[in-house]
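Visitor: Here it is: the structure, laid out below.
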Amino acid sequence: KQEVTQIPAALSVPEGENLVLNCSFTDSAIYNLQWFRQDPGKGLTSLLLIQSSQREQTSGRLNASLDKSSGRSTLYIAASQPGDSATYLCAVKSSGSRLTFGEGTQLTVNP
Amino acid sequence: EAGVAQSPRYKIIEKRQSVAFWCNPISGHATLYWYQQILGQGPKLLIQFQNNGVVDDSQLPKDRFSAERLKGVDSTLKIQPAKLEDSAVYLCASSSGAGSNYGYTFGSGTRLTVV
């Protein structure tokens, strides 16, 4: 059974700081890994999708890496802004196409 | 393209009552998912449809939850009777395929409070 863990559970940083969110998964036989953003009371917004054959994906100030063999992914946010404050969720797609989520990292960027 | 539509946005019911949620996926998306997200946790898959057939409902509490996807488009999720622990956000997502190349698009969710 796939299990996904995200560390830290919460993070508070000053504006402008670069930061890294961590995600680990127990079963390395994944199809892809996806990072989502969730604002309070809202649904999930897809940020980056990394296929199992890829090592990283970039979108603007976001960079996600994947090390399938060690069961780890990181989401790097450069020059953080108050508008980046949200909960960030990592999810892996394993056999049977089920998407398994971590419990998220709640990020607060202080002006 | 239009996103995944869900209604209602909020619902408050008393325990033992019934409730239904509706989802309209992105046009042409064959795969539809219902997730339950309890406050402070990540979403948990309840049921997955491929067109109008059920692919995975292993985590659906079938004694009280039911879901259908008629004609392979819209879907409804029903809870009957509701319990206090069913209080959560119910998220619908769709994907154009079930393979590894396909990401998910989520709706805004329905926040259910059972009192």
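For the record, the sequence lines run as chains A and B. Those letters in the first sequence? Residues 129 to 239, by our numbering. Those letters in the second sequence? Residues 84 to 198, by our numbering. Don't be surprised by glycine CBs; every beta carbon is placed ideally from N, CA and C. Just so you know, these numbers come straight off a predicted model, no measurement behind them.
Check the Cβ of A:Arg-226 against every Cβ in chain B and list those closer than 8 Å, keeping chain order.
Guide: Position 98 of the first sequence, counted from the first residue, corresponds to residue 226 of chain A. Per Cβ cutoff of 8 Å: Leu-128, Gln-131, Asp-139.
Visitor: Between the alpha carbons of A:Thr-154 and A:Thr-228, how many angstroms are there, rounded?
Guide: One-based indexing of the first sequence puts residue 154 of chain A at position 26. One-based indexing of the first sequence puts residue 228 of chain A at position 100. Distance between the alpha carbons of A:Thr-154 and A:Thr-228 is about 11 Å.
Visitor: I think B:Thr-193 touches B:Gln-89, with their Cβ atoms under 8 Å apart; what is that distance to the nearest whole Å?
Guide: By 1-based counting over the second sequence, the position of residue 193 of chain B is 110. By 1-based counting over the second sequence, the position of residue 89 of chain B is 6. That belief holds up - the Cβ atoms of B:Thr-193 and B:Gln-89 are roughly 6 Å apart, short of 8 Å.
Visitor: Note down, in chain order, all residues in the segment 95-126 of chain B with a beta-carbon under 9 Å from any beta-carbon belonging to chain A.
Guide: Listed in sequence order: Thr-114, Tyr-116, Tyr-118, Gln-120, Gly-123, Gln-124, Gly-125, Pro-126.
Visitor: Is the CB-CB distance between B:Trp-117 and B:Ala-150 below 8 Å?
Guide: Here the question's residue 117 of chain B lines up with position 34 in the second sequence. Here the question's residue 150 of chain B lines up with position 67 in the second sequence. In this structure, B:Ala-150 lies closer than 8 Å to B:Trp-117 by Cβ.
Visitor: Please compile the residues from chain A whose C-beta is within a distance smaller than 9 Å of the C-beta of B:Gly-136.
Guide: Here residue 136 of chain B is taken as the residue at index 53 of the second sequence, counted from 1. Ordered by position in chain A, no residue passes the 9 Å Cβ test against B:Gly-136, which lies about 13 Å from the chain.
Visitor: Taking the beta strand (DSSP E) that B:Val-198 belongs to, which residues open and close that run?
Guide: Along the second sequence, one-based indexing puts residue 198 of chain B at 115. Where B:Val-198 is concerned, there is no enclosing beta strand (DSSP E), given that its DSSP letter is neither H nor E.
Visitor: Can a CB atom of chain B be found closer than 8 Å to the CB of A:Leu-175?
Guide: Looking up residue 175 of chain A in the first sequence gives position 47. With 8 Å as the cut-off, A:Leu-175 does not count as an interface residue toward chain B.
Visitor: Any Cβ of chain B within less than 8 Å of the Cβ of A:Gly-230?
Guide: Along the first sequence, one-based indexing puts residue 230 of chain A at 102. For A:Gly-230, the answer is yes, since a Cβ of chain B falls inside 8 Å of its Cβ.
Visitor: Which residues bound the beta strand (DSSP E) around B:Pro-126?
Guide: The residue given as residue 126 of chain B occupies position 43 in the second sequence. Where B:Pro-126 is concerned, there is no enclosing beta strand (DSSP E), given that its DSSP letter is neither H nor E.
Visitor: Following the continuous beta strand (DSSP E) through A:Pro-83, name the residue where it begins and the one where it ends.
Guide: Any property of residue 83 of chain A remains undetermined from this structure, which presents chain A solely from 129 to 239.
Visitor: Should the segment 172-191 of chain A be called in touch with the segment 88-103 of chain B, which here means at least 3 C-beta pairs below 8 Å?
Guide: Counting Cβ pairs under 8 Å, fewer than three are found: no touch.
Visitor: Counting along the chain, where does the beta strand (DSSP E) carrying A:Thr-236 start and finish?
Guide: Counting from one through the first sequence, the residue named residue 236 of chain A turns up at place 108. It spans 233-238 - the beta strand (DSSP E) in which A:Thr-236 sits, taken as one unbroken run.
Visitor: Tell whether a beta-carbon distance below 8 Å holds between A:Ser-213 and A:Leu-235.
Guide: Numbered from 1 along the first sequence, position 85 holds the residue referred to as residue 213 of chain A. Numbered from 1 along the first sequence, position 107 holds the residue referred to as residue 235 of chain A. It is a contact, given that the beta carbons lie within the stated cut-off.
Visitor: In the DSSP assignment, what residue or residues form a beta bridge with A:Gln-209?
Guide: If you number the first sequence from 1, residue 209 of chain A lands on position 81. Looking at the DSSP assignment, A:Gln-209 forms no beta bridge with any residue, so it has no partner.
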